[in-house]
Each structure stands twice: as structure tokens, then as C-alpha cells.
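Quick note, the sequence shown lines up with residues 0 to 901 if you use numbering that gives the first Met the number 0. Heads up: the structure comes next, in C-alpha cells.
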Amino acid sequence: MTATPDAERLKRVNRLLDEALALAPADRVAWLERLPAEQADLRPLLGALLSRAGVETDTFLQRPLRLDLPALDAAEADEDRPGDVIGPYRLLRPLGAGGMSTVWVAERIDGSLQRQEALKLPASLWAPGLARRMVAERDILAGLEHPHIARLYDAGITPAGRPWLAMELVDGEPIDRHCATHRLDLRARLRLVLQVADAVAHAHARLVVHRDLKPSNILVTSAGEVRLLDFGVAKLLAPDDAAAPAGGADLTRLLGRPVTPDYAAPEQVAGRPVGVAADVYSLGVVLYELLTGQRPYRIAHVPAAALERAVLEAEVPPASSRAADRATARALRGDLDTILAKALKKSPAERYLSIEAFAADLQRHLAGEPVQARPDSLAYRGAKWLRRHRVVALAGLFVALAIAAGVAGTLSQARRAQVQAQEAQAQRDRALQELAYAESADELMRFLLSEGAERPFTTRELLQRAQAQVERQFAEDPRLRARLLLMLADLHGEMDDFRSAERLLEQARAASTDAEVRAQVDCTLAGLLAATSRIDAARALFERTVAALPAASIGYDPARLTCWQQRTILHAQSGDAAAALSDAEAALALIGPQPRPGLRTVTIFLHTSVGDAQALLGRPQEAIAAYERAIAEFERIGRGNTTAAATLANNLGVHLARAGQPGRAAQVYARALAAERPRSRGRDAALLTNAGRNLVELGRADEAVPLLREALAQHQAKGDTRGAAFAQLGLASADCSALAPARCEAALAEAERALRQAVAPGHPVLAGLPLIAARAALAQGDAARARRLADPLAGLTPTGRDQALALTLLARADLALGDGDTARRHADAAVAAARAAARGFAHTEALGQALLAQALARRATQDAAGARDSVAAALAQLEDSAGVDAAATREARALREALSTG
Numbered sequence: 000m001t002a003t004p005d006a007e008r009l010k011r012v013n014r015l016l017d018e019a020l021a022l023a024p025a026d027r028v029a030w031l032e033r034l035p036a037e038q039a040d041l042r043p044l045l046g047a048l049l050s051r052a053g054v055e056t057d058t059f060l061q062r063p064l065r066l067d068l069p070a071l072d073a074a075e076a077d078e079d080r081p082g083d084v085i086g087p088y089r090l091l092r093p094l095g096a097g098g099m100s101t102v103w104v105a106e107r108i109d110g111s112l113q114r115q116e117a118l119k120l121p122a123s124l125w126a127p128g129l130a131r132r133m134v135a136e137r138d139i140l141a142g143l144e145h146p147h148i149a150r151l152y153d154a155g156i157t158p159a160g161r162p163w164l165a166m167e168l169v170d171g172e173p174i175d176r177h178c179a180t181h182r183l184d185l186r187a188r189l190r191l192v193l194q195v196a197d198a199v200a201h202a203h204a205r206l207v208v209h210r211d212l213k214p215s216n217i218l219v220t221s222a223g224e225v226r227l228l229d230f231g232v233a234k235l236l237a238p239d240d241a242a243a244p245a246g247g248a249d250l251t252r253l254l255g256r257p258v259t260p261d262y263a264a265p266e267q268v269a270g271r272p273v274g275v276a277a278d279v280y281s282l283g284v285v286l287y288e289l290l291t292g293q294r295p296y297r298i299a300h301v302p303a304a305a306l307e308r309a310v311l312e313a314e315v316p317p318a319s320s321r322a323a324d325r326a327t328a329r330a331l332r333g334d335l336d337t338i339l340a341k342a343l344k345k346s347p348a349e350r351y352l353s354i355e356a357f358a359a360d361l362q363r364h365l366a367g368e369p370v371q372a373r374p375d376s377l378a379y380r381g382a383k384w385l386r387r388h389r390v391v392a393l394a395g396l397f398v399a400l401a402i403a404a405g406v407a408g409t410l411s412q413a414r415r416a417q418v419q420a421q422e423a424q425a426q427r428d429r430a431l432q433e434l435a436y437a438e439s440a441d442e443l444m445r446f447l448l449s450e451g452a453e454r455p456f457t458t459r460e461l462l463q464r465a466q467a468q469v470e471r472q473f474a475e476d477p478r479l480r481a482r483l484l485l486m487l488a489d490l491h492g493e494m495d496d497f498r499s500a501e502r503l504l505e506q507a508r509a510a511s512t513d514a515e516v517r518a519q520v521d522c523t524l525a526g527l528l529a530a531t532s533r534i535d536a537a538r539a540l541f542e543r544t545v546a547a548l549p550a551a552s553i554g555y556d557p558a559r560l561t562c563w564q565q566r567t568i569l570h571a572q573s574g575d576a577a578a579a580l581s582d583a584e585a586a587l588a589l590i591g592p593q594p595r596p597g598l599r600t601v602t603i604f605l606h607t608s609v610g611d612a613q614a615l616l617g618r619p620q621e622a623i624a625a626y627e628r629a630i631a632e633f634e635r636i637g638r639g640n641t642t643a644a645a646t647l648a649n650n651l652g653v654h655l656a657r658a659g660q661p662g663r664a665a666q667v668y669a670r671a672l673a674a675e676r677p678r679s680r681g682r683d684a685a686l687l688t689n690a691g692r693n694l695v696e697l698g699r700a701d702e703a704v705p706l707l708r709e710a711l712a713q714h715q716a717k718g719d720t721r722g723a724a725f726a727q728l729g730l731a732s733a734d735c736s737a738l739a740p741a742r743c744e745a746a747l748a749e750a751e752r753a754l755r756q757a758v759a760p761g762h763p764v765l766a767g768l769p770l771i772a773a774r775a776a777l778a779q780g781d782a783a784r785a786r787r788l789a790d791p792l793a794g795l796t797p798t799g800r801d802q803a804l805a806l807t808l809l810a811r812a813d814l815a816l817g818d819g820d821t822a823r824r825h826a827d828a829a830v831a832a833a834r835a836a837a838r839g840f841a842h843t844e845a846l847g848q849a850l851l852a853q854a855l856a857r858r859a860t861q862d863a864a865g866a867r868d869s870v871a872a873a874l875a876q877l878e879d880s881a882g883v884d885a886a887a888t889r890e891a892r893a894l895r896e897a898l899s900t901g
């Protein structure tokens, strides 16, 4: 194919830029002047590009450089307009624009969700590497699930190859404008920055450095909730140009480094390796501006070398010297001046080691406690103590007066003071241990993020590198090594990589010499054993660990919290509702009424564990209510489209299905699957499995099979034998409903073998296997076999849903065998059992099925009036519980019409 003139011109530009950029900046002007005559037409464009290569400004993204290539510039000029359709979205109005991308308010038009979202589109179609950057941004955002980070909902590429990202539409304003508009006091501004720090820390823990923290990327909603935006220049252990094609200049480099210099760390401006310390610096600049109304220093649009000198050499004046009034200056003088000075150190090594350490000092200042950044003098600590404990200081004065009244009072006060001192020392020791752990974890992440890698890494590769670094760096500190290995095991667990998680937990056990940390590791391992159906091993490990727990800690007790939380998994798998309820409530008591920020999600899941126990105790409505509250809380804190939310939706669907509400369950599953965020490892396998099994029960096997096959492949790939067994059971049920006798029998046998290896002997799913086989036999015309299989289940006690379904199936088998009177007795018994199993629900699918069988039996025994009454009641039950399109509902509707015309 013949190259277009524009393409040839672009190749010439790239070739010459390679040559020019290899020269020192001072030599480029002379080079440009020496260009031969045949290249003279490119001299203006090359000069403009080279001038951009040597300039750093905070507005370069708003000033795209036209290439003077007609075809490409024409494509760029073909701007998006309201009403245009991009993927499943319609553009409504532009929200913001830069040189590389435009953000639109858009709405979905595929009918799946009714909400507006922010759609990010490339604004310059000619920019090489932009698609790659947007894919990188998508992958980064897909791994970040935090209430203060704007969520990624969807992503894709148009047929023309144009990438797009659909994100949460944040109704808010930049943090600096919000503070000014609402006239927030100093403490309120600090609390907002702490929200930002929490979000940045979450990103750092996922090996992501933001690299462009500034007020315009930090929005605050009307409810005072922060949302962190724009991870388009974030770093995931790979330089921006790591994937640049060899042999050609990457034109994106010539637009300037993707930073805003007024907020950039010195190492960013200088082009040196960037780690978490850069975000510490940028957040320090943001805080400085929020507290004083001014940035530490303004940077003019100057050549790169001069800019670098300004950032590296300019002294940052104390924040108190830039305050707008005396009261603010007094408030900033001391702690806040010192905190900001440490965050804004020129050398990354001299700053706070992590965002968490920076935030911890801000928290200490708010609490009136000594900050770590300040010299630890006795006078300073004494002044802080007096400020925090004015009441205690006055009490000390009264104690001094009481000395004159008697020695006994003095001794009593002394003993009390000694106990308080011991408690304070214990809390201090724990705080120092937590700080050491946080700083060590951050140092580990900083090593990974700052290392000069030549290519991007997968999450699994990063975790492997992290493990190797932990073994090397913390070989002499067993406590920290064990805690860091525990953290890595938890990250593997989030990826559903249970084999790697177990291996790391075993290594953490071997490394740990601290009783409290060893207990956390052992209970986490026992919970993993229980979750993967190794019940006996889990129970034995829990018994040994709990018996050896160290004495209860003062205040927060992580060892007991971990053990009680993890042991609920064992109790749920074993069907011990009372024990599960006891452990969940004990864990909640340890957390207290106001959970720490890091324990909010744990608290929500513990409340659902209480609900699970209530369901086992025969109170499914309480379980459903608990899960509905949990899902609403996740939505409230901005985590409604996360993997954890998918887990909650999955469990809610299970409880609804068990309670005889498969129609509601199907709606929950459909919403959860539609709302799942794009993930490299695919959709949630448990959600797919249970959604598929529920569809089979509703008579929609054709829709269920693709979901179940996808789930089975995922379960098998990650070695989840329990999940794979349940997916196999769903596929077997689908085969049986398709009237394929040979395939049905073989699939059921294989599913039974898998289930017996994966669940405890008394698990309810095993008792339900004969019911599936009986239903299949009846559908295939073998009523006698169906009767033999269902008969033992009809005598189950206590009366429950499975008994009602078995009696219903017996009634239908009796009818197929021509025994109307026996069918009527079984149908009446099924109705009674289903009513008893309803547990307060006005309509259940089991009762609807029983009433339908009763209508058929009454018609067979010539009771037309009774049949009409039963089918009317059946239809009301089924329409509400299973839905108007369920197979049973359609059968009841057809029977009602037949009875009305007969």
C-alpha cells in the first residue's frame, strides 16, 4: 500500500527528532539551522516541538501542539458533540478538557443501568501511545476500590480503535474551592486532607503512585466526602516510555513530563525515579496551600533547567509566615510548621517514609498528642500532656491538696496513676509497633515502585518480588517479616490465589516469634483451611491457637479480633449457628461502636456473619435484612461496584433463593453482574455459579449454562475445588432439565463425587442431590424412579423447604402413575410443609409449587372448584416469588386458563 503524504511527513519528523533529542539542549538551535534544504519545510514544526521538550508548565496539557499534518489535524478537528454514541454511552455535555483527553457527562443507552457517568475520551487522535496510557489507567483504576477514589465502571475501545473509560460522575468541587466556599476552619481542612491520605495510602498498598496530586484532582462532595481523580499519569512499577517502540521518538514525550510543576516533587522535575515520597511531597504542597491560601512557591513558565534549580534550591517559608491572619499563624506555628517542613523536604529520604506516617502525625496533632516530626523534648511532651489532660492536671492539683489530709489518699492516687502509666506505656508500645509495621510495609512498596524496571509487571510477579524482598530485608526482624508475609498472603487471597496465600501463611508461621502475630497468622490460616473445606484441620488449628492466645490486650486486640472473625467461617461451614453468632458478636464487641477506618469493611462483613447465623437458626428474614443493610452501606461509602460488594450480592442472592424468593434473587444477581467492574481475572466466580444455579431453578437453563461454564473454568484455574463442585452441580442440574438422561446421570454422579470431597458430610447440598435426580426422572417419564428417590426426603424433620419440595414431587409422580387420591394426600401435605417453612414470607416459590401440585391433584379427583382455588393461590405465590416468566408460573397460568374454559 502506498504511504500517504501525512504518514511520510510524520516519519520524517520522527527521524529528525531522534537525531535532535540525542543532542544537548544547547546544541539543538544550531542543529536546526543546519538542516538541509529538503528538510526546510519541517523547520518551524521541529522548532516548536523542541521548544516544548525543554519547557515544564502546569498548562501543557491544555495547549496541544498541532502537527501541521492535514489528515491528522482534520481528524482532531472532528470534535465530539452532544448526542454522539460511544460504545454503550450517549454523550450529554462536556465536563472538562485537556490537551490529551476530554471528559463528558454521558448516559448508558443499553438499558442495563440508569445513571449518568463521566466518560473519558482521547481528545487528540494523533497522539501516539495515548491508547496505551488509557489502557494503563483502566488497569490501575480497576485495582483500586476505595470510598475516596472515583470508581471505574466500564472501559472499552470503539470499532475505530478509540479507547474510552466510564467513571463515577462526582458531584463536587476542587478541595481548595470547597474550603474557601464553605469557610472551613483549620481542623476541618486537616480532616479533608486525611481522607485524601487514606485514598493515596490505598493506592500505594496496591503498588500505584498517583504522581499528580493537586486540588483540581481532589473533589469534595456536598456531604464532605473526598474523591481522588485522574490516575492517567500514575505509575505502576514501569516508566511511562517502557513500552515505547524502538527506533522512533515517542511524540508524547515532547508534550512535557506529565506533572504539574507547582505541586511536583523535586525528583519529578529532575526526571529522577519516582516513588511514594513524591505523593507525600505533593500532598504537603496541597495542605500548605489549604492552610495558608498560598503555595510554597510559584513557578513561572521557564526552561526545564531553570525550573529544576528553582524546585531544588528554593527554601520553603514556614506556613505560619504565610498565614492570612494572626490567629491562623498562631495555629500553624509549631506542629503544623514542623509537619509541613518534613513533608516538603527536598530529599525523598528526609520526608515521611509513607503517606500513613504523614497522616499519623496530622492525626496526632488533631488529638493534641506529640507528633513524630518534632524533636522529642521533655518540655514539649509535658506541654502536650497538659493541653490534652487539663482535667487530669486539675485532678493532680487536688491530689496534692489531699496529701495534707492523709497518706492513704496519696497512696491510692499513686496506685491509680501507676496503672494508668502502665496502660499508657502498653498503648504506646503497640502504637510504635504499628508505626514500624506501616513504615516497613511502605518501604517495601516504595522499593517496588521506585525500582527501575524495563517492563510492566503483573500483580502476581510484583507479589513474588515483594516476597523475595521481605525475606532479604527483614531476615533479622521475625515479627515484621511475619506481618509482611501475612499482608502478602492477604493480597493473594484477594486474587483468589489460595495456594499462594497458604504457602505464604506457612512461611509466616515459621518466621514468627511473637505470640500475638503468630496467633493472627494461625487463625488466618485456619480460616483459609475452613473456606477450602478442610474442616478437621481448621478446627484443630483454631483450638490450639485460641487456647494459646496471649493475655487480652489493652484496647485494640488484633489477635482475638482475627481469630473470632476467621472462626465464623468454620462455624458457618459446619452449620454451627450458635457458635458462629457468638464469635461474630464477640468480634464486633472488640471493634466497638465506632470502627477504625481500616476496620469498616470488616465490621460490615461481621454484621452479615450475624445474619448468616440467624438464617441457620431459622430466621432468614434477618439475614436478608443484614445483607441489604450491608449493600446499602457499601453504596454509601462509595464501594458499591467492588469485588467485596459482589460477594455481598452473591450471599444475599443465596439467602433469597433458600427463602423461596428465586425471582428476587435473580434480580440481585443480574444487577451485581451488570455492575461488576472490569477485572483482568474475570467476573466473580461464586456470583456466576449461584446466579446460574438460580436460573436453572427458574427453568432458564439455556441462560444459566454460559454462566456456569465460565464459573467452572475460573474455579478450576485457581484450584478452588469447592467452588468447582458447586458449578458442576449447577451444570448437572441444567443437563437434567434438558431431558438428556445419559448426560444427566453422568453429570450428577460426577458432581456428587466432587461435592463429597469438598463439603462436610452433613452439608444440606448432599441431602438435595436425590431431589435433583427425582425431578429429572419425572421429567424423563420415569415416575416410579422419581417416587423411589423422593420418598425418603418426604419424611424429613423438622419440616422444611426440601420436605415440601419432595412431597410436591411425590404428588406429581403419583399423578403420572394414575394414583389421584395418593397424589392429593401428598399435595395437601406439601402445602402444609411449605406454609410451615415460609418463615414469615407471604409468598414463597415452594408454596406456589405445592399449591400447583394440589390444583393438579384436585382436578384429577374431579374437584374442579377446589382446583380453581388452588391454582389461583399458586399463581399469586409464584408471580411474586419466582416471577411472571418462571417455568412454574407459566404452567400455573396455563392450568388456570384450562380450568376456566373446561
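A virtual CB, placed ideally from N, CA and C, is assigned to each residue, including glycine. Values in this document were obtained by computation on a predicted structure and should not be read as measured data.
Round the Cβ separation of Q267 and A277 to the nearest angstrom and send it over; I've been treating them as touching at under 8 Å.
6 Å
Can you give me the Cβ contacts of R823 inside the same chain, cut-off strictly under 6 Å, excluding the 5 residues immediately before and after it?
A856, T860.
Quick one, are the C-beta atoms of A500 and A481 less than 8 Å apart?
no
According to the neighbour-count rule (16 or more other Cβ atoms, all chains shown, within 10 Å of its Cβ), is T180 buried or exposed?
exposed
What whole-angstrom Cβ distance do R210 and V169 have, given they're in contact under 8 Å?
Going by Cβ atoms, the distance from R210 to V169 rounds to 20 Å, so no, they are not a contact pair.
What would DSSP say about G597, mapped onto helix, strand or coil?
helix
In DSSP terms, what Q115 is bridged to
E106
Any contact between the segment 833-849 and the segment 872-879? By contact I mean 3 or more CB pairs, one from each, below 8 Å.
yes
Straight-line CA distance for L250 to L22?
Unreliable placement is indicated for L250, whose pLDDT of 27 sits below 50; the coordinate value is still reported in the next sentence. Each residue's Cα considered, the two are about 17 Å apart.
Contacts around T821, its chain only, beta-carbon distance under 6 Å, and the 5 residues preceding and following it disregarded:
D813
Using C-beta distances below 7 Å, list every residue in its chain close to H570, excluding the 5 sequence neighbours before and after it, in chain order.
A578, A579, D582
Would DSSP call D153 helix, strand or coil?
strand
Give me the residue from Y668, P146, L754, P594 with the minimum Cα distance to L218.
P146
Can you give me the C-alpha to C-alpha distance between S608 and G333, rounded to a whole angstrom?
47 Å
If D801 sits next to G761, beta carbons under 8 Å apart, how far is it from one beta carbon to the other, in whole angstroms?
At roughly 14 Å, the Cβ-Cβ gap does not stay under 8 Å, so D801 and G761 are not in contact.
If I measure Cβ to Cβ from V523 and keep anything under 8 Å in the same chain, skipping five residues before and after, which residues do I get?
The sequence shown places Thr at residue 523, rather than the Val named in the question. These residues qualify, in order along the chain: L485, A488, D489, L504, T561, Q565.
Contact defined as beta carbons within less than 8 Å: I believe F633 pairs with A644. What is the distance between those atoms, to the nearest angstrom?
5 Å
List the endpoints of the continuous alpha helix (DSSP H) containing A829.
819-836
How about G722 and A703: are their beta carbons less than 8 Å apart?
no
In chain order, which continuous runs of the alpha helix (DSSP H) of length 4 or greater are located wholly inside the segment 167-232?
Look at the segment 167-232 and you find these whole runs of alpha helix (DSSP H), each 4 residues long or longer: 174-180, 185-204.
Exposure label - L377; buried when at least 16 CB within 10 Å
Note that L377 has pLDDT 45, beneath the 50 cutoff, so the model's placement of it is unreliable and the number below is only indicative. Residue environment analysis places L377 among the exposed positions, since fewer than 16 neighbouring C-beta atoms fall within 10 angstroms of its C-beta.
For S869, does the three-state DSSP call read helix, strand or coil?
Note: S869 maps to helix in three-state DSSP.
Short of 8 Å in beta carbon distance, which residues of its chain neighbour R784, apart from the five on each side in sequence? Order them along the chain.
A773, A776, listed in sequence order.
Got a sec? Which residues, its chain only, sit under 7 Å from P81 by beta carbon, not counting five neighbours each side?
Cβ-Cβ distances below 7 Å link P81 to L90, L91, R92 in the same chain, with the five nearest sequence neighbours on each side left out; the list follows chain order.
Please classify Q113: is it buried, with 16 or more other beta-carbons within 10 angstroms of its beta-carbon, or exposed?
Counting Cβ neighbours within 10 Å, Q113 comes out exposed, since fewer than 16 surround it.
Based on Cα-Cα distance, which residue from A684, P87, V695, L615 lies nearest to A710?
A684
Taking the Cβ atom as the reference point for each residue, do A805 and A789 lie within a distance shorter than 8 Å?
In this structure, A789 lies closer than 8 Å to A805 by Cβ.
Cutting at 6 Å between CB atoms, please list the residues of its own chain near R708, excluding the five before and the five after it.
none
Could you round the C-beta distance between L616 and L605 to whole angstroms and report it? I think they count as a contact, below 8 Å.
Incorrect: roughly 17 Å between the Cβ atoms, too far for contact.
Can you list, in chain order, the residues of its chain with a C-beta nearer than 8 Å to that of R838? Leave out the 5 residues immediately preceding and following it.
G617, R618, P619, Q620, A658
Own chain, CB closer than 6 Å to A886, minus 5 neighbours either side, in chain order
G698
Cα-Cα separation, E314 to L343
10 Å
Flag this pair as yes or no: are the beta carbons of S215 and P173 separated by less than 8 Å?
yes
Is it right to say A927 is buried, meaning 16 or more other beta carbons lie within 10 angstroms of its own, or is it exposed?
There is simply no residue 927 to check, as the chain begins at 0 and stops at 901 in what is shown.
Write down every uninterrupted run of the alpha helix (DSSP H) in the segment 316-350 whose length is 4 residues or greater and which is fully enclosed by it, in chain order.
325-331, 334-342
Please look up how many angstroms separate the CB atoms of K213 and Y262, rounded, as I've assumed it's under 8 Å.
Rounded, the Cβ-Cβ distance is 4 Å, consistent with contact.
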